[in-house]
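Participant: Residue numbers for the sequence shown follow our numbering, beginning at 12 and rising by one. Virtual Cβ for every residue (Gly too), placed ideally from N, Cα, C. Computed from a prediction, not measured in an experiment: that's the story for all the values here. Okay, here's the structure, questions in a sec.
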Amino acid sequence: MSVEASPMAIPISADRTRRGSLRLRLPKVSRSVLLSTLTVAVLLAGWAIVTEMGWANELFLPKPQAVWAAFVKTMTKGYQGATLLQHLGASLYRILTAFTLACLIGIPLGVIMGVSRNARALLNPLIEFYRPLPPLGLYTLLVMWLGIGESSKLSLLFLAGLPGTVISTIQAVTSVDPVYVRAAQSLGATRRHLLFHVYLPAAGPLILAGMRISLGFTYTVLVAAEIVAASAGIGWMIWDAAKFLLSDIVIMGLIVLGLTGVVLDLIMRGIAKLLMPWA
Numbered sequence: 012m013s014v015e016a017s018p019m020a021i022p023i024s025a026d027r028t029r030r031g032s033l034r035l036r037l038p039k040v041s042r043s044v045l046l047s048t049l050t051v052a053v054l055l056a057g058w059a060i061v062t063e064m065g066w067a068n069e070l071f072l073p074k075p076q077a078v079w080a081a082f083v084k085t086m087t088k089g090y091q092g093a094t095l096l097q098h099l100g101a102s103l104y105r106i107l108t109a110f111t112l113a114c115l116i117g118i119p120l121g122v123i124m125g126v127s128r129n130a131r132a133l134l135n136p137l138i139e140f141y142r143p144l145p146p147l148g149l150y151t152l153l154v155m156w157l158g159i160g161e162s163s164k165l166s167l168l169f170l171a172g173l174p175g176t177v178i179s180t181i182q183a184v185t186s187v188d189p190v191y192v193r194a195a196q197s198l199g200a201t202r203r204h205l206l207f208h209v210y211l212p213a214a215g216p217l218i219l220a221g222m223r224i225s226l227g228f229t230y231t232v233l234v235a236a237e238i239v240a241a242s243a244g245i246g247w248m249i250w251d252a253a254k255f256l257l258s259d260i261v262i263m264g265l266i267v268l269g270l271t272g273v274v275l276d277l278i279m280r281g282i283a284k285l286l287m288p289w290a
């Protein structure tokens with residue numbers, strides 16, 4: 012006995028298959044992204060509720076709408092003769108220049124100190140002495156030596172980022188498994204081969220982690236570096252607005268600083284994945 016297929020069976024089955032394929036093609040959102048989005052939404056909602064209910068003085072905690080209006084105004088009309096992008100560009104130039112110099116000097120210095128005990132004993136007291144010094148204390152001396160121009164600002168940011176890079180590189184190099192070193196030496200590896208084919212690949216992930224920490228610490232010193240004789244920069248804008256109790260400009264500048272820091276950290280992570288996929 013033969014059973015004839017219903018004329019609607021094939022279209023319905025094909026439609027279900029088509030829906031299933033479309034459902035499978037939708038991008039999946041990770042749990043961490045959802046939780047992070049929830050955190051941001053809760054903070055924004057709490058901020059809006061506190062300001063709308065009048066539980067906080069708007070002079071010190073403005074509404075989110077006021078902060079957004081300040082963002083639009085500084086983007087279009089500017090603040091104290093410069094737009095927000097110009098302020099941000101001046102700050103990024105100082106941060107990235109100083110951070111690049113800190114990496115170019117700190118990583119080779121850390122490798123040398125990690126490989127050589129004599130170099131570590133010779134240079135470690137200098138690093139450990141000035142590392143805990145407060146940035147503002149250093150800045151007063153740098154201004155006396157270098158003046159109030161860009162040199163003192165870049166020097167302060169450079170000195171802020173150098174210790175983290177050096178210490179993380181030392182720790183990364185000294186934690187390399189000596190079995191790898193002896194194996195390479197038994198195969199006739201020279202010091203140059205050991206450096207580029209053993210130490211740096213093995214220590215790379217820790218070095219990059221130290222670079223991320225160093226970049227973050229350099230970022231925190233930005234406001235201190237821009238409070239003296241600056242005319243542009245996010246840190247200067249925040250400091251200048253605070254003197255006039257422009258809390259909407261202050262909070263907007265802090266949000267821009269935080270988001271820019273997140274973007275720079277994501278770029279560092281991308282560079283790490285590109286250069287060291289084994290990590």
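Taking C-beta to C-beta, are L256 and G246 nearer than 8 Å?
Facilitator: Taking 8 Å as the Cβ cut-off, L256 and G246 do not qualify as a contacting pair.
Participant: Determine contact between the stretch 59-70 and the stretch 43-50, defined as no fewer than three beta-carbon pairs at a distance below 8 Å.
Facilitator: The stretch 59-70, when compared against the stretch 43-50, does not touch it at the 8 Å Cβ threshold.
Participant: Between the beta-carbon of I159 and the beta-carbon of A240, is there less than 8 Å?
Facilitator: yes
Participant: Beta-carbon separation of M124 and G215 under 8 Å?
Facilitator: Going by C-beta atoms, M124 is not nearer than 8 Å to G215.
Participant: Alpha carbon to alpha carbon, what distance is there between C114 and A132?
Facilitator: 21 Å
Participant: Report all residues from its chain with a CB closer than 6 Å to the CB of I181; omit the five preceding and five following residues, and keep chain order.
Facilitator: G121, M124, G125
Participant: Measure the Cβ-Cβ separation of A80 and I260 and say whether it is below 8 Å.
Facilitator: no
Participant: Tell me whether E237 is buried or exposed, calling it buried when 16 or more other Cβ atoms sit within 10 Å of its Cβ.
Facilitator: buried
Participant: Of the choices L54, R280, I224, Y230, whose alpha-carbon is the least far from that of P146?
Facilitator: Considering only alpha carbons, the answer is Y230.
Participant: Got a sec, what are the start and stop residues for the alpha helix (DSSP H) M86 sits in?
Facilitator: DSSP places M86 inside the alpha helix (DSSP H), whose first and last residues are 75-87.
Participant: So if DSSP puts Y90 in a beta bridge, which residue, or which two residues, is it bridged to?
Facilitator: A93
Participant: With a cut-off of 8 Å on the beta carbons, I'd call L226 and M279 a contact; round off their distance for me.
Facilitator: 7 Å
Participant: Would you tell me roughly how many angstroms separate the C-alpha atoms of R193 and I178, rounded to the nearest one?
Facilitator: The alpha-carbon atoms of R193 and I178 are separated by roughly 24 Å.
Participant: State the start and end residues of the unbroken alpha helix (DSSP H) segment that holds S127.
Facilitator: Per DSSP, S127 belongs to no alpha helix (DSSP H) and is neither H nor E.
Participant: Tell me which same chain residues have a C-beta within less than 8 Å of the C-beta of V78, skipping the five on either side of it?
Facilitator: Excluding residues within five positions, the ones whose Cβ falls inside 8 Å are D259, I262, M263, I266.
Participant: Measuring straight from C-alpha to C-alpha, what distance separates I249 and S186?
Facilitator: 42 Å
Participant: H204 lies in the alpha helix (DSSP H); which residues open and close that run?
Facilitator: 202-205
Participant: Does DSSP put N68 in a helix, in a strand, or in coil?
Facilitator: coil
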